[in-house]
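Peer 1: Protein chains in written order, with this note's numbering: chain A, 331 to 540; chain B, 331 to 540. The C-beta atom is built at its ideal place from N, Cα and C for all residues, glycine as well.
Number of protein chains: 2
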Amino acid sequence: MLHEKLNWRYATKAMDPSKKVPRAKLDAIIEAINLAPTSSGLQPFEVLVITNDDLRAKLRAVAWDQAQITDSTYLLVFAAWDNYTAERIDRVVTQTHKERGTPLEVLNGYYDTLKANYLPRSADVNYAHAARQAYIALGIALTAAAFEEVDATPMEGFDPDAVDEILGLREKGLRSVTLMPIGYRAQSGDRLLGAKKVRKPLSELITEIA
Amino acid sequence: MLHEKLNWRYATKAMDPSKKVPRAKLDAIIEAINLAPTSSGLQPFEVLVITNDDLRAKLRAVAWDQAQITDSTYLLVFAAWDNYTAERIDRVVTQTHKERGTPLEVLNGYYDTLKANYLPRSADVNYAHAARQAYIALGIALTAAAFEEVDATPMEGFDPDAVDEILGLREKGLRSVTLMPIGYRAQSGDRLLGAKKVRKPLSELITEIA
Chain A
331 MLHEKLNWRY
341 ATKAMDPSKK
351 VPRAKLDAII
361 EAINLAPTSS
371 GLQPFEVLVI
381 TNDDLRAKLR
391 AVAWDQAQIT
401 DSTYLLVFAA
411 WDNYTAERID
421 RVVTQTHKER
431 GTPLEVLNGY
441 YDTLKANYLP
451 RSADVNYAHA
461 ARQAYIALGI
471 ALTAAAFEEV
481 DATPMEGFDP
491 DAVDEILGLR
501 EKGLRSVTLM
511 PIGYRAQSGD
521 RLLGAKKVRK
531 PLSELITEIA
Chain B
331 MLHEKLNWRY
341 ATKAMDPSKK
351 VPRAKLDAII
361 EAINLAPTSS
371 GLQPFEVLVI
381 TNDDLRAKLR
391 AVAWDQAQIT
401 DSTYLLVFAA
411 WDNYTAERID
421 RVVTQTHKER
431 GTPLEVLNGY
441 YDTLKANYLP
451 RSADVNYAHA
461 ARQAYIALGI
471 ALTAAAFEEV
481 DATPMEGFDP
491 DAVDEILGLR
501 EKGLRSVTLM
511 PIGYRAQSGD
521 RLLGAKKVRK
531 PLSELITEIA
């Protein structure tokens, strides 16, 4: 089942702008993103869902003119925290205490250690860590799109500083990590449509040590 | 279906070493890892599958003594390329040409640009990029484990230099990124067993710009 979905999906280069992804499918993908596991449960990223045409045209211009940015129904922008802060970590502690009932002293024991580890690090190191967590969610989002039979394209080909500027991300303490337009594959104009999926032979992926 | 699986999984802290994951389930998880999308199809990581008891004891000692490292059936170590090289990129070009039939001039047009971009960058920048790709696969591997009804724990709590040393990764041009023991949850000894999954309210995850 999962393999079938993963084989169905591909990095769609040409989307048909006349076919619209139903809102319920977007919601299902968002829900999967929110269920993605992250380090210490911090979920150190946000996702912007952009349908505004002017903004999408501006973003396309700083992303190698990739057409899916404007031809998709929804453009998702994964944006990671620019740094870890005590406030950001405390929100997780408070919510976990409230929702799960874990005693605060237990949570503080764990998260105080985390703060002692994270807070002295540079913003760049913490951002890099947060960005990795967003990639866990990206993998799950792409999988969720396939389950919804919606096409999606993971994109790194853009100028992150320009995207941050266009979307005002830095003021919110965020930095763009990856784009993911979701829409429907066009029936022509994409040399990847129907192309064989190329993957490493398992002998180059896996080493077993028994 | 997917949501049900994502809700079922959790970062299992206590595994029952007497319950063994069947080989076929490991194979299904590996296959999903290999199907994970990666930037430009490079798949810039490998996965070690460790069942050797001595090695697992050594790894546990440099990973905060986390018991799943030795109580799991299989310990997966995701190890990213330490750098991009022309040889590594050329292997992908050759394989894609062979398996997909894409003309070499088309592939070289794309991958020569990629080389011009990647090869002058520092090894650290390239490793950071490769590590992010491994996190896409980690997200999909955790999802695949849930579909196989196998427990798994994403782990960053280890000394990466020590893990690299124990497994001889640097000599192979690899660096450890994350550990993922797979096994079966113990019925006691884990405060996370049965705990409510805590996730951001969607209002803190999602911003829509229409």
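Would you give the residue range spanned by the alpha helix (DSSP H) that V507(A) belongs to?
Peer 2: From DSSP, V507(A) is part of no alpha helix (DSSP H) but of the beta strand (DSSP E) over 504-513.
Peer 1: In terms of residues, what are the limits of the beta strand (DSSP E) holding L499(A)?
Peer 2: No beta strand (DSSP E) contains L499(A), which DSSP labels as neither H nor E.
Peer 1: Using the Cα positions of L356(A) and L535(B), report the straight-line distance between them to the nearest angstrom.
Peer 2: In a straight line, the C-alpha of L356(A) is about 14 Å away from that of L535(B).
Peer 1: If the cut-off is 7 Å on Cβ atoms, which residues from the stretch 454-478 of chain A count as contacting chain B, listed in chain order?
Peer 2: Residues A458, A461, R462, Y465, I466, A467, L468, G469, I470, L472, T473, A474, F477.
Peer 1: Does any residue of chain B bring its CB to less than 8 Å from the CB of T620(A)?
Peer 2: Examination of residue 620(A) is not possible in this model, given that chain A is present from 331 through 540 alone.
Peer 1: Answer yes or no: does any C-beta atom of chain B fall closer than 8 Å to that of M331(A)?
Peer 2: Yes, M331(A) lies at the interface with chain B (some Cβ there is under 8 Å from its Cβ).
Peer 1: For the 8 Å Cβ check, are there 3 or more pairs between the stretch 362-379 of chain A and the stretch 479-494 of chain A?
Peer 2: These segments do not touch.
Peer 1: Tell me where the beta strand (DSSP E) around E479(A) begins and ends.
Peer 2: No beta strand (DSSP E) holds E479(A); DSSP gives it neither H nor E.
Peer 1: Just the C-alpha distance for L372(A) and L437(A), rounded to the nearest angstrom, thanks.
Peer 2: For L372(A) and L437(A), the distance between alpha carbons rounds to 13 Å.
Peer 1: Counting only beta-carbon separations shorter than 8 Å, does K530(A) have a partner in chain B?
Peer 2: Answer yes: the Cβ-Cβ gap between K530(A) and chain B drops below 8 Å somewhere.
Peer 1: How would you list, in chain order, the residues of chain B whose beta-carbon sits under 9 Å from the beta-carbon of E495(A)?
Peer 2: Neighbours of E495(A) on chain B: none; closest Cβ ~15 Å, over 9 Å.
Peer 1: Would you say A387(B) faces chain A, with C-beta separation under 8 Å as the test?
Peer 2: Not an interface residue.
Peer 1: Compute the Euclidean distance between the alpha carbons of Q398(A) and T403(B), then round it to the nearest angstrom.
Peer 2: Approximately 43 Å between the Cα atoms of the pair.
Peer 1: Which residue's Cα is closest to the Cα of Y414(B): K445(B), G487(B), K527(B), T342(B)?
Peer 2: The residue with the shortest Cα to Cα distance from Y414(B) is K445(B).
Peer 1: Would you call the stretch 513-526 of chain B and the stretch 374-392 of chain B touching, i.e. three or more CB-CB distances under 8 Å?
Peer 2: Contact fails: fewer than three Cβ-Cβ distances are below 8 Å.
Peer 1: Could you tell me the distance, in whole angstroms, from the CA atom of I496(A) to the CA atom of A341(B)?
Peer 2: Spanning the two alpha carbons is a distance of roughly 37 Å.
Peer 1: Find out if the Cβ-Cβ distance for the pair L509(B), L405(B) is shorter than 8 Å.
Peer 2: Closer than 8 Å, so yes.
Peer 1: On the DSSP letters alone, give me the boundaries of the beta strand (DSSP E) that T537(A) sits inside.
Peer 2: T537(A) -> beta strand (DSSP E) spans 536-539.
Peer 1: Nearest to F477(B) by alpha carbon, out of R529(B), A358(B), A516(B)?
Peer 2: Out of R529(B), A358(B), A516(B), A358(B) has the C-alpha closest to the C-alpha of F477(B).
Peer 1: A410(B) and A460(B) look like a contact to me (Cβ under 8 Å); what is the Cβ gap, rounded to whole Å?
Peer 2: About 4 Å separates the two Cβ atoms, so the contact holds.
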